[in-house]
Amino acid sequence: MISNTASQFGGDDTGSTPVFSNASFIIAIGSNGYVKSTQLKCSVTVSADVPDHSDYDSTVKTNINMDMTVSMTYNNPGQKVTITPPSDLANYQEASDLVIEL
Numbered sequence: 001m002i003s004n005t006a007s008q009f010g011g012d013d014t015g016s017t018p019v020f021s022n023a024s025f026i027i028a029i030g031s032n033g034y035v036k037s038t039q040l041k042c043s044v045t046v047s048a049d050v051p052d053h054s055d056y057d058s059t060v061k062t063n064i065n066m067d068m069t070v071s072m073t074y075n076n077p078g079q080k081v082t083i084t085p086p087s088d089l090a091n092y093q094e095a096s097d098l099v100i101e102l
């Protein structure tokens, strides 16, 4: 999962691949045997070329450091789920159509 996320964030946008560190993943199992909750914690560092404010024709490399925590709680695991799409679903745009190339 982390390597897939890294490939999504790296590349031409930043000129580098993110470095993940201090990663931990916790899964809590309920007495019913189903996953009750999960938590992912990690640190991410990305080097990026940003505009040099003293010379707008140049860029400088800077590190962007992030600490992330993603927590999820599963309600009623193992129970039947019914999802009813909105009646105007055909009018929704695909997320990929919303991407703007800069």
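With UniProt numbering applied, the sequence shown covers 1 to 102. Here a beta-carbon is modelled for each residue, glycine too, at the ideal position from N, C-alpha and C. This structure is a prediction, so every number in the text was calculated from the model and none was measured.
Residue i and residue j look like a contact to me (Cβ under 8 Å); what is the Cβ gap, rounded to whole Å?
i	j	result
Y34	P85	26 Å between Cβ atoms; not a contact.
M66	K41	12 Å between Cβ atoms; not a contact.
Let me know the secondary structure DSSP gives residue i once reduced to three states.
i	result
S96	helix
N75	coil
N32	coil
When the Cα of residue i is compared with those of the options, which residue comes out closest?
i	options	result
F25	T17, T38 and P18	T38
T17	Q93, T45 and A90	T45
I64	S43, G30, A23 and Q93	S43
G30	T73, D52 and S58	T73
T62	S47, I83, D55 and S71	S47
DSSP has residue i in a bridge; who is on the other side?
i	result
L40	F25 and V70
S47	N63
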